[in-house]
Each structure stands twice: as structure tokens, then as C-alpha cells.
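Number of protein chains: 2
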Amino acid sequence: MQFSSRMPIAVHILLCIAEFDGKYKTTSTFLAGSLGVNPVIVRNTLSKLKAAGLVRIESGVGGASLLKKPEDISLWEVFSAVEDAHSLFRYHDNPNPQCPVGRGIHKVLDKHLQSVNDTFKEQLQNICLQSLLDSLGS
Amino acid sequence: MQFSSRMPIAVHILLCIAEFDGKYKTTSTFLAGSLGVNPVIVRNTLSKLKAAGLVRIESGVGGASLLKKPEDISLWEVFSAVEDAHSLFRYHDNPNPQCPVGRGIHKVLDKHLQSVNDTFKEQLQNICLQSLLDSLGS
DNA sequence: TCTAGTTGTAAGCATGATTATTACAACAAG
DNA sequence: CTTGTTGTAATAATCATGCTTACAACTAGA
Numbered sequence: 582m583q584f585s586s587r588m589p590i591a592v593h594i595l596l597c598i599a600e601f602d603g604k605y606k607t608t609s610t611f612l613a614g615s616l617g618v619n620p621v622i623v624r625n626t627l628s629k630l631k632a633a634g635l636v637r638i639e640s641g642v643g644g645a646s647l648l649k650k651p652e653d654i655s656l657w658e659v660f661s662a663v664e665d666a667h668s669l670f671r672y673h674d675n676p677n678p679q680c681p682v683g684r685g686i687h688k689v690l691d692k693h694l695q696s697v698n699d700t701f702k703e704q705l706q707n708i709c710l711q712s713l714l715d716s717l718g719s
Numbered sequence: 582m583q584f585s586s587r588m589p590i591a592v593h594i595l596l597c598i599a600e601f602d603g604k605y606k607t608t609s610t611f612l613a614g615s616l617g618v619n620p621v622i623v624r625n626t627l628s629k630l631k632a633a634g635l636v637r638i639e640s641g642v643g644g645a646s647l648l649k650k651p652e653d654i655s656l657w658e659v660f661s662a663v664e665d666a667h668s669l670f671r672y673h674d675n676p677n678p679q680c681p682v683g684r685g686i687h688k689v690l691d692k693h694l695q696s697v698n699d700t701f702k703e704q705l706q707n708i709c710l711q712s713l714l715d716s717l718g719s
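In the order they appear, the protein sequences are chains A and B.
677 is the number that this note's numbering gives to position 96 of the first sequence; each next residue is one higher, with no gaps.
714 is the number that this note's numbering gives to position 133 of the second sequence; each next residue is one higher, with no gaps.
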């Protein structure tokens with residue numbers, strides 16, 4: 582099991598917007614050319630990034646721009662904007678409550694898995710768009 | 582996106598085997614009763630745990646038993662036994678190599694996401710079956 | 001006002017993963 | 001030989017993902 586490619590796609594889009602700011606009009610078609618995906622995928626992704634307050638979109642005329650500085654956009658913001666991320670883990674639905682293991686499995690596991698979730702979030706929070714831009718150049 | 586329920590199912594199975602050792606014959610049907618899933622799911626899961634060297638299965642006669650002590654079985658062993666876990670993340674397939682962002686996106690992201698993967702693995706390695714058994718009682 | 005390019009979304013489709021279920025050959029113990 | 005079990009294949013239902021077509025609504029400029 583893996584995450585969808587939505588977060589990488591969103592990051593790619595944001596990096597393009599930052600990189601081509603002022604040089605090109607970053608329309609969905611233009612961006613789709615760099616991504617190698619359908620323009621509608623770009624529009625849907627941009628729509629979620631807009632809802633998360635990360636970008637502004639010029640309706641009608643076309644083009645998108647960042648609403649925050651690249652150093653103030655974390656990968657977690659991007660991730661949670663495009664991915665319906667509740668928990669990384671899922672349980673089987675109907676453990677038997679009459680069995681001591683079935684009764685406790687959810688709570689017992691959750692105690693540990695929650696911290697995996699938390700660490701995952703913290704790590705993504707510590708990666709900002711600017712550091713990705715920096716590595717792009719090198 | 583989430584992981585499948587395979588790891589929680591496998592953990593549940595292993596906990597039952599440890600808990601009911603000597604008291605009940607842990608057949609796939611018996612285990613399925615505690616899990617609330619189909620016995621075939623249990624057999625397929627046990628088959629993967631066996632391939633990973635974690636359990637022994639009595640063919641024909643029925644029943645499974647642990648091959649390692651609960652304190653020596655980590656959640657990572659269980660996870661990687663049942664989940665085809667390469668990387669947590671996936672990329673879009675065809676970024677444009679003529680675009681500086683498209684050319685670099687994979688490598689630039691991978692540099693950071695790899696450490697998320699590593700941390701994920703380390704955390705699961707630090708959780709053992711015995712500690713889950715302990716919390717079960719309380 | 002008209003035109004051209006764009007966004008926002010809905011709808012449909014193909015594919016693959018997940019889970020449940022049926023079925024049955026192979027096996028072991030009594 | 002019978003009974004209960006494992007191992008595994010096959011099927012089906014459901015859902016997520018990603019691609020694509022289509023089209024109304026919008027904006028700027030001629």
C-alpha cells in the first residue's frame with residue numbers, strides 16, 4: 582500500500598508556480614506540460630490547494646500564484662490539502678467483543694500507531710517548499 | 582490513503598496464538614471467530630507469517646504456534662511480512678525532462694521522503710508483540 | 001458585443017487493490 | 001476410511017485512482 586501520487590503532483594505544481602513566477606503564465610495546460618498529466622488533474626489539485634489557502638487562481642484569465650512564501654509552506658500543509666489523511670492505519674471492522682484479544686486489539690494497537698502518525702506529521706511539517714527549491718538548483 | 586487492514590489482522594492473529602497457546606487449538610476457523618473475518622483471510626495471512634518465519638502451522642491436523650518469543654517479534658516484521666511495502670510514496674510517472682522542475686522533482690522529493698520511510702520503519706521496529714500483550718491485560 | 005482562452009466541475013471509463021466467499025485437492029490423526 | 005484441517009485458486013463486489021471528454025461560466029481584449 583502506498584499513498585496516491587497527489588502530494589508529489591501538488592508539490593510539483595507549487596514548485597513550478599514558484600519557479601516560473603513572472604516568466605510564464607502558469608495555466609493548468611502549461612503546468613500539465615511539465616507534470617505529464619492531464620490538465621484536469623492539475624485543475625482539481627489546484628482547487629484543493631486553493632481551498633487550503635496556499636494559492637490564488639485567476640479565474641477566466643488563467644494562471645496561479647502562491648499566497649505564502651515558499652519557506653512558509655510545509656509538506657504537511659500540501660499533503661493534508663490533497664490527501665484525506667485521517668490515520669495511516671485501518672482496522673478490521675468486526676473483532677469479536679467476547680474474545681479478550683478481539684475486545685482490546687483496537688485500543689492496544691492504537692496506543693502505538695498514534696505516535697507513528699504523529700511522527701509522520703511532524704516530519705512533513707519540517708520540510709518546506711523553499712528547501713525543495715534550493716535542492717532543485719543543485 | 583491508508584494501509585490495508587492486513588497488519589492489524591496479522592497482529593490480532595499473533596496475539597491470539599500467544600494468548601490461547603495450550604488452551605485452544607488455534608485453527609483458522611477458531612481465529613476467524615475472534616477476528617470477525619473469513620477463515621480464508623486468516624489462512625492467507627498465516628501463510629505469509631509462515632513465509633516470514635514467524636509461525637509454524639500444523640498441516641492437516643490444524644493449529645498454529647509462534648516460532649519466536651513475543652518480545653522478539655517487532656511490528657515491523659509483521660508489517661513487512663503481510664504488506665508489500667516498498668516505499669510509502671508514489672510519484673507521477675511522466676514528468677517532463679525538458680522542464681527543470683520536471684527533471685528534478687523525483688530526486689528532490691526523494692531526498693526528504695526517504696527519511697520519512699526510514700523513521701516509519703524504525704518506529705515499528707521498536708514495538709514488540711510482548712508490549713501489546715502487556716497492554717491487553719490492563 | 002463578440003471572441004478566444006481559461007477555470008470549475010460533472011460524468012464516464014479503465015484499472016488495480018481490497019475483502020469476502022465458494023470450492024476443492026492434499027494432508028494427518030484416530 | 002472418516003473427519004477436520006490446510007493451501008490455494010477463482011470469482012465477485014466494492015472502492016480508490018487516474019485519465020479523459022464535455023461544457024457552462026468567466027475574463028480580457030478586439
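Note that beta-carbon positions come from the ideal geometry of N, C-alpha and C, so glycine has one too.
Computed from a prediction, not measured in an experiment: that's the story for all the values here.
With H, G and I counted as helix, E and B as strand and the rest as coil, what does DSSP make of residue i?
| i | result |
| --- | --- |
| R587/B | helix |
| A599/A | helix |
| I686/B | helix |
| I638/B | strand |
| A645/B | strand |
| H593/A | helix |
| Q704/A | helix |
| A628/A | The sequence given here places Ser at residue 628/A; Ala does not occur at that position. It is helical. |
| S696/A | helix |
| P530/B | An answer regarding residue 530/B cannot be provided, because it is not within the stretch 582 to 719 covered by chain B. |
| P676/B | coil |
In terms of residues, what are the limits of the alpha helix (DSSP H) holding residue i?
| i | result |
| --- | --- |
| V663/A | L656 to V663 |
| A613/B | S609 to L616 |
Over what stretch of residues does the beta strand (DSSP E) that includes residue i continue unbroken?
| i | result |
| --- | --- |
| L717/A | Premise fails: L717/A lies in the alpha helix (DSSP H), L710 to G718, not in any beta strand (DSSP E). |
Shortest alpha-carbon distance to residue i belongs to which of the options?
| i | options | result |
| --- | --- | --- |
| S586/A | P678/B, L669/B, L713/B and Q695/B | L669/B |
| E639/B | R624/B, D653/B and P651/B | R624/B |
| C680/B | P589/A, I622/A and F611/A | F611/A |
| C709/B | Q695/A, L690/A and G718/A | L690/A |
| D695/A | R671/A, G603/A, R637/A and R684/A | The amino acid at residue 695/A is misidentified as Asp; the sequence shows Gln. Out of R671/A, G603/A, R637/A and R684/A, R671/A has the C-alpha closest to the C-alpha of Q695/A. |
| H667/A | S712/A, N698/A, S615/A and K688/A | N698/A |
| L630/B | Q711/B, K688/B, R684/B and L656/B | L656/B |
| S712/B | G643/A, A632/A and K688/A | K688/A |
| S719/A | N707/B, A633/B and R684/B | R684/B |
My guess is that residue i and residue j are in contact by the Cβ rule of under 8 Å, so how many angstroms apart are they, rounded?
| i | j | result |
| --- | --- | --- |
| P620/B | S628/B | Incorrect: roughly 12 Å between the Cβ atoms, too far for contact. |
| A645/A | T607/A | 5 Å |
| I654/B | T626/B | Rounded, the Cβ-Cβ distance is 14 Å, inconsistent with contact. |
| E664/A | F584/A | 6 Å |
| E600/B | L635/B | Not a contact, Cβ separation roughly 16 Å. |
What do you reckon, are the CB atoms on residue i and residue j nearer than 8 Å?
| i | j | result |
| --- | --- | --- |
| V682/B | L717/A | yes |
| L705/B | P651/B | no |
| V618/B | H673/A | yes |
| A591/B | A662/B | yes |
| P678/A | I686/A | no |
| M582/B | F660/B | no |
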